[in-house]
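The block underneath contains the structure these notes are about, expressed in structure tokens.
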Amino acid sequence: MSTSNDGSNSSPESHSLDPAIARRLKRDANGLFAAIAQQHDSGKVLMLGWMDDEALHRTLTTGRVTFYSRSRQEYWRKGDTSGHYQFVKSVALDCDGDALLVQVDQVGAACHTGTESCFTDRELPAVVGNRPE
2 MSTSNDGSNS
12 SPESHSLDPA
22 IARRLKRDAN
32 GLFAAIAQQH
42 DSGKVLMLGW
52 MDDEALHRTL
62 TTGRVTFYSR
72 SRQEYWRKGD
82 TSGHYQFVKS
92 VALDCDGDAL
102 LVQVDQVGAA
112 CHTGTESCFT
122 DRELPAVVGN
132 RPE
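Note that my numbering has the sequence shown beginning at 2, numbered continuously upward.
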């Protein structure tokens, strides 16, 4: 899994994730963890992507979100091909260490289908629960 700083595949970089952060992460069998992108000012959930240590390092140090594509087996920086950039506003690790919340300033559609969010118009039928009074 190696690409250059511009997000394209090329020679490996010698940068690495801060060991203190790396120790807190819980990765799946492929070394990946979930990264949820959320619009920083509205709170809207935009998408779910996957990262490994290198993708997180790039995200934390460049101001742009980098994911790892499980299907293509390569890094991709959001917006490099679509123009729909995600600029990092904050990054938080969840209490279990197996997911990140990346608050972003999204430019254009977040979803590859062209919708604002990967969850737009994709609701499933569900019984709505109510809290007891």
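In this text, a Cβ means the ideal position worked out from N, Cα and C, and glycines have one as well.
Here the structure is a predicted model, which means the values were calculated and not measured.
- Nearest neighbour of L57 by Cα position, chosen from S43, L94, P126, G115, turns out to be L94.
- F68 is positioned such that its CB atom lies closer than 8 Å to that of W77.
- Where R78 is concerned, the enclosing beta strand (DSSP E) starts and stops at 75 to 78.
- Judged by DSSP in its simplified three-state form, A36 adopts strand.
- Non-local beta-carbon contacts of V46 in its own chain, meaning distances under 7 Å to residues more than five positions away in sequence, involve I37, Q39, S118, F120 in chain order.
- By the 16-neighbour rule on beta-carbons within 10 angstroms, T114 is exposed.
- Within the stretch 46 to 74, the complete beta strand (DSSP E) runs of at least 3 residues fall at 46 to 52, 67 to 70.
- With contacts defined by Cβ atoms closer than 8 Å, V105 and V66 form a contacting pair.
- Nearest neighbour of A110 by Cα position, chosen from S83, D97, P133, turns out to be S83.
- Cβ neighbours of G32 within its own chain (closer than 7 Å, five residues either side excluded): D53.
- Around the C-beta of G50, 16 or more other C-beta atoms lie within 10 Å, and the residue is accordingly described as buried.
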